[in-house]
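What follows is a single structure, written as structure tokens, with notes after it.
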Amino acid sequence: MARIDLHTVDTLQLYAPRASTGDRQIVEGIISSGQVFSNFTRLERESICTNLSSLEACNSIIPSLHTFFRDVKYLELCANAVKRLIVLGGRHRT
Numbered sequence: 611m612a613r614i615d616l617h618t619v620d621t622l623q624l625y626a627p628r629a630s631t632g633d634r635q636i637v638e639g640i641i642s643s644g645q646v647f648s649n650f651t652r653l654e655r656e657s658i659c660t661n662l663s664s665l666e667a668c669n670s671i672i673p674s675l676h677t678f679f680r681d682v683k684y685l686e687l688c689a690n691a692v693k694r695l696i697v698l699g700g701r702h703r704t
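The sequence shown begins at 611 in the working numbering and counts up one residue at a time.
Structural data, given as structure tokens:
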């Protein structure tokens, strides 16, 4: 994990290489050229490209901390709405 630098994370976040042909071409290009994952060998970067385009775990966007915290905000709003709809503790009849 120490070989992945901040530039790589910033550059790749929010691309969707499995969902978008354009994103896949961009991501494969910047990985293959060594612009990102610069601490990896050419063979390791080729393996990363293969994994990104084939893994089920990467079937949406490449996540970022920004999107993670934005998603948490939305989930928090939903959780608060559900809390208002239910009574915890079983003291009231439904």
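Just so it is clear, CB atoms sit at the ideal spot from N, CA and C, and this is done for glycine as well.
Predicted model, so just to flag it, every value in this text is computed and none were measured.
- Between A626 and S657 the beta-carbon gap is near 20 Å, outside 8 Å, which marks them as no contact.
- Boundaries for T651: no alpha helix (DSSP H) harbours it, and the DSSP string shows neither H nor E there.
- Annotation: Y684 to E638 spans about 32 Å, alpha carbon to alpha carbon.
- Selection Q645, Q635 and I636 evaluated against L616 yields Q645 as nearest (Cα-Cα).
- For Y684, the uninterrupted alpha helix (DSSP H) run begins and ends at L675 to L695, by DSSP.
- Contact annotation: R655 and S642 have beta-carbon atoms nearer than 8 Å.
- Straight across, the Cα-Cα distance linking S664 with R652 is about 19 Å.
- Between N649 and R613, the CB-CB gap stays under 8 Å.
- L624 sits in coil when the DSSP states are folded into three classes, being neither helix nor strand.
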